[in-house]
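Protein chains in written order, with this note's numbering: chain A, 1 to 338; chain B, 1001 to 1338; chain C, 2001 to 2338; chain D, 3001 to 3338.
Number of protein chains: 4
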Amino acid sequence: MIIVMKHGSSKKEIDHVIKMVEGQGLKATLLHGTERNVIACIGDKRHISQDFWNAMPGVEKAMPILSPYKMASREVKPTNTQVQLSPGFSMGGLKVGVIAGPCAVENKTQLFSIAKRVKEAGAVALRGGAFKPRTNPYTFQGLMEEGLEYLAEARERTGLPVVTEVLSPEHVEMIGKYADVLQIGTRNMGNFVLLKAVGEQPKPVILKRGMSATIEEWLLAAEYILSRGNTNVILCERGIRTFEDHTRFTLSLSAVPQLKQLTHLPVIVDPSHGTGKRYLVNPMSKGAIAVGADGLLIEVHIDPERSMVDGPQTITVEEFQRLMAELKPIAEAVGRQM
Amino acid sequence: MIIVMKHGSSKKEIDHVIKMVEGQGLKATLLHGTERNVIACIGDKRHISQDFWNAMPGVEKAMPILSPYKMASREVKPTNTQVQLSPGFSMGGLKVGVIAGPCAVENKTQLFSIAKRVKEAGAVALRGGAFKPRTNPYTFQGLMEEGLEYLAEARERTGLPVVTEVLSPEHVEMIGKYADVLQIGTRNMGNFVLLKAVGEQPKPVILKRGMSATIEEWLLAAEYILSRGNTNVILCERGIRTFEDHTRFTLSLSAVPQLKQLTHLPVIVDPSHGTGKRYLVNPMSKGAIAVGADGLLIEVHIDPERSMVDGPQTITVEEFQRLMAELKPIAEAVGRQM
Amino acid sequence: MIIVMKHGSSKKEIDHVIKMVEGQGLKATLLHGTERNVIACIGDKRHISQDFWNAMPGVEKAMPILSPYKMASREVKPTNTQVQLSPGFSMGGLKVGVIAGPCAVENKTQLFSIAKRVKEAGAVALRGGAFKPRTNPYTFQGLMEEGLEYLAEARERTGLPVVTEVLSPEHVEMIGKYADVLQIGTRNMGNFVLLKAVGEQPKPVILKRGMSATIEEWLLAAEYILSRGNTNVILCERGIRTFEDHTRFTLSLSAVPQLKQLTHLPVIVDPSHGTGKRYLVNPMSKGAIAVGADGLLIEVHIDPERSMVDGPQTITVEEFQRLMAELKPIAEAVGRQM
Amino acid sequence: MIIVMKHGSSKKEIDHVIKMVEGQGLKATLLHGTERNVIACIGDKRHISQDFWNAMPGVEKAMPILSPYKMASREVKPTNTQVQLSPGFSMGGLKVGVIAGPCAVENKTQLFSIAKRVKEAGAVALRGGAFKPRTNPYTFQGLMEEGLEYLAEARERTGLPVVTEVLSPEHVEMIGKYADVLQIGTRNMGNFVLLKAVGEQPKPVILKRGMSATIEEWLLAAEYILSRGNTNVILCERGIRTFEDHTRFTLSLSAVPQLKQLTHLPVIVDPSHGTGKRYLVNPMSKGAIAVGADGLLIEVHIDPERSMVDGPQTITVEEFQRLMAELKPIAEAVGRQM
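Shown next, in the form of structure tokens:
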């Protein structure tokens, strides 16, 4: 860490900061600049907040050198983590994996026919929401446990592992009985109680990016899970909130290669929520694979028009089939398989 | 609602949309434009998502006329809501109220001396965090129930009602035993399970704005609480995430007069988290009162440098005293009292 | 256009608005809603600002149905526009084109050797800045006319058409004497005097997106050029300003397929400025082609470390060669050629 | 400057960076950290771009200690700059000054009656656009020189100095003949050729913030003007582009006290463009004065409904009169006069 002192800070203030630095077990080196004094602090103390130093008299700013996450960092673990979704597929390996299904589980017929079709098209897992986080309190909130039962039955019929969202710590155990993979949605990336809860159980977790989270905040959210013992974390870029108004969110594909530098965790992309528009799902899926994503999370429905949730961004099973065929040469062009 | 059909949409598509509109109990009027056809839909059906229409073939976009929140809307309830914090003070009336205290409860001595001092300076309630949502999993997470006990004891000593944050539905009941007002933090504004839980208990709720929430999303979050039966909701602007990097967040003071048009709920401002900088707390508090805020939520500490959390944005009790004196003429200039 | 009247607007206000609408040659239809009255206005009058209506007493908001740009719109011209850069290459056709070169022209030797190498690797045009828009007034501002001379000489040596930025209307004529394509940078997308000036000369124009421009504003900037008579406009996505701090800007690749719906103009992507990081240029170039871009604009240097401008985002000629080889299968996977 | 080397950077890379640092006349100190090596560079070389260092092999990032602007910095000039607008008023002193007038000059009658009324209400200068930067090429672009003549005549009639926008370097001289203060609009804050042109003439300049400019970029734009010899620069906050959609822009009032720390230049606020809504002009004007602004720039019209430009954000002369009366006690509450 580097502590920059204010222009004109007193010797007493400088001495005080150095004493505090050394009190934390760090080595302090004072550098006299032409306009500012700077204190270089050596040692690894990620648990001390930068704010601690910023609050001291005479300090202009503390600038960290090390990232505050550790277990998520590629420096600590250089090799790629592979997260097993089923006996036949791990996310983060050579094979690109596409998770597909309806936004919300609506009924058995709908779910089973979608599951069958996405399986045939090559999906590696089935997604479906039983507990839905809806912005509007007056809209459909999901089938809850009944939906989970349908998902489990769909798994038996198709062999596809099941991914579903968990909204609250009190549901973690129950959902874990039905699902193979737990998903944390964008609105809960900063729900630290929930992160701890999924960190204390063994099922893989898909951690969506908070819609206004920096990459560092996102990796710190992953760190919450990892540090509780669950190392099966998959990161999912799903669009960030910006001034752009043509798409619901701005899908930040550069986050994918950026994360590949910073972390060993698998990274997937959700082009459905990330754009909010059906006709953008196909090109943005291709873009995601081309920039190096390990997989995709796509909303697919038999009849998007009748979809109770997120219809405008949901593609049909026919469109999904075509997309899967079109993705193959892209994956191969970047040295991956499908 | 207005449904704009695509350039070149077919008669069949138009008829289909009209049929669907009428199937929802709305009256449809078809307008032939020079380049587009438009279907005006009359009736109040806020529970049907705009997305439902956007997904239909031939539809370019559905444009809602009515806001999707109802109970929070000033149209439905034109008079200001006043939320009672203590027998002596309600937020939303003529008197501007300042809630003050440490970011986190750290120990008894700290809390009691801060409580005594902010009370003397004119605060209407004491804030203090017992459960802390921390971005970094390796930093102090709060004293939890022990902290709540200290807060309750501080109330007995000072008479100040106590405001504290609730992070998870499973804590609502327990925290409700100690606190007078429950706070929902920015990271939980979209935690709908938690919103429902605080909506089903009677204590007033301070609902902070999600750091990337639009005003409509924020009012819909309030609607979650209101629609469960709890009408004691106070909105708190606390800064939004933008590209600005000099402050931690961009405090959007225009949200205050904007909300005053749209809703009857009281609106307060948190200049501490909203800026992240101690020296901005004073001017931004003045600005908040000048634009019409009903109150403030301010972090105050005996010794910010020793504060375990958020030191850089915390002011001293002396600075708080001076601020309170300086706010009085501003409040009076806008027709309020302190 | 749809004009939504305020809840409780008077008959007099409504009549007044209708009169004004009809005064503009539009047909007005009044619709009585359950909570609001709405006036549907039929006719094509894009030149009347939405603001004109918003300002009237009793009006809540005016909602346009038609986009305000016309000549740039795909509705007006459904077929793709191809912009000829040289006798051998047009942007917007089957072939994907990559424009490459140094950020700034620094000297003859540098420029000629880069030009030779990018030509060999398959670039379709040479880029190089002679007039540099620099945020910091104390940094290198470009070689100016001398730089243009070198560019012209590089064209003679390699046969590559030359792309260079124009900063001011008074330079348009002079730069047009040397360059084949004029570039409008992100900081000048809203410099309407400059847009008019390049619209009144015949050379193709690469119009970069303003870093905080919506897609509509960007197309309106293109409309400035088109409406002055120059229809050779290429749009270039180069990153938008968001809260993300890991990259200099957020490259919004979804803008590409979005634009392909809205406009007939060719769309290219600048992954160098759009990310600000050398190691992101390769993956984001692939992503750009995969989402459907017609071309790329890439900063290439013999020795990026010695580059006087934008070194961190500039790739070497060797990296460029490899990138060009790697892009080929991606282009083919999406039905294009290179 | 602090240069952080990558984890695992080689001795050769470190030596190379140190050699380059010393080659620039800076003193280099190597610090061996537990996970990273860091090179502290001492000396004032603001003209070397941070990018220069970032591009070197083995470098993770260069972190500047000094801000890149100098003449605009309060460290270099601690006392407030006052910019004289007329013999009777300087912006930046004890007196708060309000500049008012129509968005665009439309005709003589309109201008003269507005000028008379704002003068009576206490405005210190008259604003009015003769050259209008319009997003839509099909809308009114201003009266141009004819408008300037009217402005000059309005000055003679009222004694108010005249503020008008300059869009292009080639107009600077001509506009300078008529106007007392030149305004640079938000879309031209990064038009460096124009900044240089207004820096080379003596009239005061109001420099609006670019809608996506950081405070550092804004101060660097001011530095362009100052470094050319014109020290009469007034900064004007006018709203930034964010995801908020209820206001046209987000007026960032915290920029005002922030700037007061960083620079000696006067700071004013434009609540009209900053919100885009008439009913927010009054509260946001009060907020601006409360946070410490030196003045305001407000759009006032006799009949906003007939205003050819920006009607929805323009207040009437009656509203302006009332606002001026209401601002007085706010100004006094923060130790200023009106």
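Note that the Cβ used here is the ideal one computed from N, Cα and C, for glycine as well.
| query | Looking only at C-alpha atoms, which of A:T34, A:I42, A:D15 sits nearest to K27 (chain A)? | reply | When each option's Cα is compared against that of K27 (chain A), the closest is A:I42.
| How many whole angstroms separate the CB atoms of I2987 (chain D) and A3040 (chain D), which I take to be in contact at a CB cut-off of 8 Å? | Because residue 2987 (chain D) is not part of the residues shown, which for chain D are 3001 to 3338, the question remains open.
| task | Note down, in chain order, every chain B residue with its Cβ under 7 Å from the Cβ of V193 (chain A). | result | Within chain B, the residues whose beta carbon sits less than 7 Å from that of V193 (chain A) are L1167, S1168, listed in sequence order.
| said: Pop quiz: V3098 (chain D) and G3129 (chain D) are said to be a contact at Cβ under 8 Å. What is the actual Cβ separation, rounded to whole angstroms? | reply: Here V3098 (chain D) is actually not in contact with G3129 (chain D); their C-beta atoms are around 17 Å apart, not less than 8 Å.
| task | Look at the alpha carbon of L1219 (chain B) and the alpha carbon of H171 (chain A), and state the distance between them as a whole number of angstroms. | result | Near 26 Å, if we compare the C-alpha coordinates of H171 (chain A) and L1219 (chain B).
| In DSSP terms, what F1089 (chain B) is bridged to | B:S1086.
| query | Any idea what DSSP makes of L3207 (chain D), helix, strand or coil? | reply | Strand.
| request: For T2250 (chain C), go through chain A and note every residue whose CB falls closer than 8 Å to its CB, in chain order. | output: By Cβ distance, chain A contributes I240, T242, T250, S252, S254.
| said: Can you tell me whether M2217 (chain C) is buried or exposed? The criterion is at least 16 other CB atoms within 10 Å of its CB, across all chains shown. | reply: Before going on, a small fix: residue 2217 (chain C) reads as Glu here, not Met. With 16 or more other Cβ atoms inside 10 Å of its own Cβ, E2217 (chain C) counts as buried.
| Can you tell me whether DSSP reads L160 (chain A) as helix, strand or coil? | It is coil, neither helix nor strand.
| query | Mind checking G3033 (chain D): buried by the 16 CB within 10 Å criterion, or exposed? | reply | So G3033 (chain D) ends up on the buried side.
| message | For the region 201-218 of chain A, list every residue whose C-beta sits within 7 Å of some C-beta in chain C, in sequence order. | response | Using a CB distance below 7 Å, the part of the region 201-218 of chain A facing chain C consists of S212, T214, I215, ordered along the chain.
| request: Measure the alpha-carbon distance for A100 (chain A) versus T3275 (chain D) and round it to whole angstroms. | output: Going from the Cα of A100 (chain A) to the Cα of T3275 (chain D) covers about 42 Å.
| request: Using DSSP bridges, identify the partner residues of M1005 (chain B). | output: In the DSSP assignment, M1005 (chain B) forms a beta bridge with B:V1059.
| query | By the criterion of Cβ-Cβ separation under 7 Å, what are the contact partners of M2056 (chain C) in chain D? | reply | Contact of M2056 (chain C) with chain D by beta-carbon distance below 7 Å involves E3305.
| task | Leaving out five residues on either side along the sequence, give the residues of the same chain with a beta carbon under 7 Å from the beta carbon of T3314 (chain D). | result | Counting only residues of its own chain and dropping the five nearest sequence neighbours on each side, T3314 (chain D) has a CB closer than 7 Å to the CB of C3103, S3272, R3278, E3299, V3300, H3301, P3304, S3307.
| For T109 (chain A), three-class secondary structure by DSSP | Looking at T109 (chain A) - three-state DSSP - the assignment turns out to be helix.
| DSSP bridge partner residues for A1299 (chain B) (one or two, in chain order) | The question names Ala, but residue 1299 (chain B) in the sequence shown is Glu. Paired residues: B:G1101.
| Touching or not, the region 3145-3157 of chain D and the region 3069-3081 of chain D, by the rule of three or more beta carbon pairs under 8 Å? | Result no; under three Cβ-Cβ pairs closer than 8 Å.
| message | For N1037 (chain B), would you say it is in contact with chain A, using Cβ-to-Cβ distances shorter than 8 Å as the test? | response | Chain A, which has no Cβ nearer than 8 Å to the Cβ of N1037 (chain B), makes this no.
| query | How would you write the range of the alpha helix (DSSP H) that Q1261 (chain B) sits in, first residue to last? | reply | Per DSSP, Q1261 (chain B) belongs to the alpha helix (DSSP H) from 1255-1262.
| task | Consider the Cβ of H3273 (chain D): report whether some Cβ of chain A lies at a distance smaller than 8 Å. | result | Among the residues facing chain A, H3273 (chain D) is not included, as its CB has no counterpart in that chain under 8 Å away.
| query | If you run the structure through DSSP and keep just helix, strand and coil, what is V76 (chain A)? | reply | In the three-state scheme derived from DSSP, where H, G and I count as helix and E and B as strand, V76 (chain A) is classed as coil.
| Of the choices C:M2189, C:S2010, C:L2182, whose alpha-carbon is the least far from that of I2206 (chain C)? | That would be C:L2182, whose Cα lies nearest to the Cα of I2206 (chain C).
| message | Would the region 289-298 of chain A count as touching the region 2283-2294 of chain C if we require 3 or more Cβ pairs under 8 Å? | response | The region 289-298 of chain A vs the region 2283-2294 of chain C: in contact.
| What does N2037 (chain C) pair with, by DSSP beta-bridge criteria? | Partner(s): C:H2032.
| query | Are the C-beta of Y3178 (chain D) and some C-beta of chain C separated by less than 8 Å? | reply | So, not an interface residue.
| task | Using beta-carbon positions only, say whether F1052 (chain B) and T2242 (chain C) come within less than 8 Å of one another. | result | The beta carbons of F1052 (chain B) and T2242 (chain C) sit no closer together than 8 Å.
| said: Pop quiz: E3060 (chain D) and M3020 (chain D) are said to be a contact at Cβ under 8 Å. What is the actual Cβ separation, rounded to whole angstroms? | reply: So it is not a contact: roughly 16 Å between Cβ atoms.
| request: Kindly indicate which three-state DSSP category Q3313 (chain D) falls into: helix, strand or coil? | output: DSSP places Q3313 (chain D) in helix when its eight states are reduced to three.
| query | Sorted by chain position, which residues of the same chain lie with C-beta nearer than 7 Å to K2260 (chain C)'s C-beta, five sequence neighbours on each side aside? | reply | The answer, listed in chain order, is V2267, G2292.
| query | Per DSSP, what kind of secondary structure is T275 (chain A) in: helix, strand or coil? | reply | Note: T275 (chain A) maps to helix in three-state DSSP.
| task | Kindly list the residues whose CB is nearer than 7 Å to the CB of R1094 (chain B), restricted to its own chain and excluding five residues on each side of it in sequence; keep chain order. | result | The identity of residue 1094 (chain B) in the sequence shown is Leu, whereas the question assumes Arg. Taking L1094 (chain B) as the centre and dropping the five residues before and after it, the same chain places the C-beta of R1336, Q1337 closer than 7 Å to its C-beta, in chain order.
| said: With a threshold of 8 Å between beta carbons, is H2016 (chain C) in contact with chain A? | reply: For H2016 (chain C), the answer is no, since every Cβ of chain A falls outside 8 Å of its Cβ.
| request: Name, going along the chain, the residues of the region 1292-1322 of chain B whose beta-carbon falls closer than 9 Å to a beta-carbon of chain C. | output: So nothing in the stretch comes that close.
| said: Suppose contacts are defined by Cβ-Cβ distances below 8 Å. Is Y224 (chain A) in contact with K196 (chain A) by that definition? | reply: Judged by beta-carbon spacing, K196 (chain A) lies within the 8 Å limit of Y224 (chain A), meaning their Cβ atoms are closer than that value.
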